[in-house]
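Peer 1: Residue numbers for the sequence shown, in full-length UniProt numbering: 1 to 119.
Questions regarding the structure given below will be posed in turn.
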Amino acid sequence: MDAGFKAELIEWGVDWDEILDRFMGNEDLIAKFMFKFLNDQSMNDLTRYLGEGNVSEAFKAVHTLKGVGANLGLKGFITPVCELTEILRAGSMDGYEEKYNQIKPKYDALIAILQKYNT
Numbered sequence: 001m002d003a004g005f006k007a008e009l010i011e012w013g014v015d016w017d018e019i020l021d022r023f024m025g026n027e028d029l030i031a032k033f034m035f036k037f038l039n040d041q042s043m044n045d046l047t048r049y050l051g052e053g054n055v056s057e058a059f060k061a062v063h064t065l066k067g068v069g070a071n072l073g074l075k076g077f078i079t080p081v082c083e084l085t086e087i088l089r090a091g092s093m094d095g096y097e098e099k100y101n102q103i104k105p106k107y108d109a110l111i112a113i114l115q116k117y118n119t
């Protein structure tokens, strides 16, 4: 794995020790799965369904994002993702904007890092 890529992921908020343990010390495997995140549609779905006011589909999307984020050690946005999951799980949209506005810039920054190193 490129040292710059690893450093940027850690700076963004990837829990490196956790993910290194999860992937049995295989940094190339970590990179492979990080790049697969570029194809994950859960954030796009979340954005769309929140815009439509569709709580149940937005919940499914954020719950997927939460799972993927947890598996990849994406601590840089996992707290607001978890909080939004609980808001939507309750069938509410009250306060979703604040959580979404915490998630989106962190998500965009992660995607930029992944695109930069995806060769």
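Using N, Cα and C, we set each Cβ at its ideal position, and we do this for glycine too.
Computed from a prediction, not measured in an experiment: that's the story for all the values here.
For T85, is the classification buried or exposed, using 16 other Cβ atoms within 10 angstroms of its Cβ as the cut-off for buried?
Peer 2: One-based indexing of the sequence shown puts residue 85 at position 85. Label assigned to T85: buried.
Peer 1: Helix, strand or coil: which one does DSSP assign to L50?
Peer 2: Start at 1 with the first residue of the sequence shown, and residue 50 comes out as number 50. Helix.
Peer 1: With distances taken from CA atoms, which of L9, F23, E52, L46 is nearest I103?
Peer 2: Residue numbering aside, residue 103 sits at position 103 when the sequence shown is read from its first letter. Taking only the C-alpha atoms, the option nearest I103 is L46.
Peer 1: Could you check how far apart the C-beta atoms of residue 160 and L65 are, in whole angstroms? I think they sit under 8 Å.
Peer 2: Outside the shown range of the chain, which is 1 to 119, sits residue 160, and nothing can be said about it.
Peer 1: For L67, which option in F37, G53, Y49, S92 has the closest C-alpha, if you only look at C-alpha atoms?
Peer 2: As a position in the sequence shown, residue 67 is number 67, starting the count at 1. First, the amino acid is wrong: residue 67 is Gly here, not Leu. The shortest Cα separation from G67 among F37, G53, Y49, S92 belongs to F37.
Peer 1: Roughly how many angstroms separate the alpha carbons of N118 and C82, rounded to a whole number?
Peer 2: Residue mapping note: residue 118 aligns to position 118 of the sequence shown, counting from 1. Residue mapping note: residue 82 aligns to position 82 of the sequence shown, counting from 1. N118 and C82: Cα-Cα distance of roughly 28 Å.
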